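In the UniProt record's numbering, the protein residues as written are 1 to 282.
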């Protein structure tokens, strides 16, 4: 029989009920403490205060007073990571709310990506793109293609337009260039670009409009179109530019463009690149 003055042994302690933490390999309760009110260290037999089952004080006690045991405890904890079921992990992910800042930031970034890199709108519906987005942020929900075409792209356009309008409001004089061109699918378009110098003497160019132009490319049709809503003259006015402050317009030497500029009484410059191309071709 053990002498009453001998220090208690580990067998004299009982662990905390229903606890699986390895910290209780170093702490316990006296057998007679049936309500488990007083936690004791099995190494130094000191009472360690705990609140509501929190084990922070217990690990701190080991760290301060029993470094070797603390290292042993940390090693045990590191070797027993909590296993999370993959399905449970995915199921626990809560999607961002539609109006949340993060949801909007990612949607804006995708919209910019589509517009800047001229990607088709069905990009957002492709499985590869969806997988990439899920990998980057599982909480993000990709809006529909219709949302991008009817809302997001239009919002980006208005934002860019406002920014350019603010720039043009400080422009005193400007020049423009225009061109008729065809897409890869042979659809005809007319583009208008404005060029100006800022107060800091920085040359800037901004494409103001690209309009579908299915009419026959004759001089009379071009000139008439210039007076219409989709025409260059109307485009200049739509952007708040004073036509009298247009220094000149640069076009190629096609007869239709020469006649169109003449009918609108615009000073015209010949495109050097176009003339050089013709000269080399001859």
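Beta carbons are placed, not taken as given, at the ideal position from N, Cα and C, and that holds for glycine. Being a predicted model, the structure only gives us computed values, none of them experimental.
Mind checking who residue i pairs with in its DSSP beta bridge?
| i | result |
| --- | --- |
| residue 47 | 40 |
| residue 281 | DSSP, once it has assigned bridges, lists no residue as partnering residue 281. |
| residue 175 | 195 |
| residue 104 | According to DSSP, residue 104 bridges with nothing at all. |
| residue 268 | 249 |
| residue 95 | Per DSSP, none; premise fails for residue 95. |
| residue 188 | 182 |
| residue 14 | 29 |
To the nearest angstrom, how far is the alpha carbon of residue i from that of residue j?
| i | j | result |
| --- | --- | --- |
| residue 266 | residue 180 | 17 Å |
| residue 194 | residue 279 | 27 Å |
| residue 47 | residue 33 | 13 Å |
| residue 236 | residue 197 | 17 Å |
| residue 97 | residue 142 | 12 Å |
| residue 19 | residue 30 | 16 Å |
| residue 13 | residue 75 | 23 Å |
| residue 276 | residue 245 | 29 Å |
| residue 72 | residue 65 | 13 Å |
| residue 174 | residue 203 | 10 Å |
| residue 200 | residue 130 | 44 Å |
| residue 108 | residue 115 | 11 Å |
| residue 147 | residue 272 | 43 Å |
| residue 126 | residue 135 | 15 Å |
| residue 112 | residue 248 | 33 Å |
| residue 152 | residue 263 | 39 Å |
| residue 260 | residue 123 | 39 Å |
| residue 37 | residue 128 | 58 Å |
| residue 154 | residue 162 | 12 Å |
| residue 281 | residue 234 | 35 Å |
Leaving out five residues on either side along the sequence, give the residues of the same chain with a beta carbon under 6 Å from the beta carbon of residue i.
| i | result |
| --- | --- |
| residue 63 | 70 |
| residue 292 | What is shown of the chain runs 1 to 282, which leaves residue 292 out entirely. |
| residue 103 | 96 |
| residue 178 | 192, 232, 251 |
Under DSSP, the alpha helix (DSSP H) around residue i begins and ends at which residues?
| i | result |
| --- | --- |
| residue 59 | 56–65 |
| residue 129 | 127–136 |
| residue 167 | 153–168 |
| residue 234 | 232–238 |
| residue 263 | 255–263 |
Ends of the beta strand (DSSP E) at residue i?
| i | result |
| --- | --- |
| residue 28 | 27–30 |
| residue 204 | 203–212 |
Can you tell me the Cβ-Cβ gap for residue i and residue j, rounded? I've got them flagged as a contact below 8 Å.
| i | j | result |
| --- | --- | --- |
| residue 94 | residue 139 | 7 Å |
| residue 256 | residue 270 | With a Cβ gap of about 14 Å, residue 256 and residue 270 do not count as contacting. |
| residue 169 | residue 240 | 7 Å |
| residue 232 | residue 192 | 5 Å |
| residue 121 | residue 149 | 5 Å |
Counting only the same chain and skipping the five closest in sequence on each side, list residues whose C-beta sits under 8 Å from that of residue i.
| i | result |
| --- | --- |
| residue 189 | 180, 181, 182, 183, 210, 211, 212, 213 |
| residue 101 | none |
| residue 44 | 65, 66 |
Using a Cβ-Cβ cut-off of 7 Å (strictly less than) and excluding sequence neighbours within five positions of residue i, which residues of its own chain qualify?
| i | result |
| --- | --- |
| residue 21 | 55 |
| residue 60 | none |
| residue 24 | 15, 16 |
| residue 171 | 196 |
| residue 42 | 10, 13, 26, 27, 28 |
| residue 133 | 140, 142 |
| residue 106 | 137, 140 |
| residue 207 | 191, 193 |
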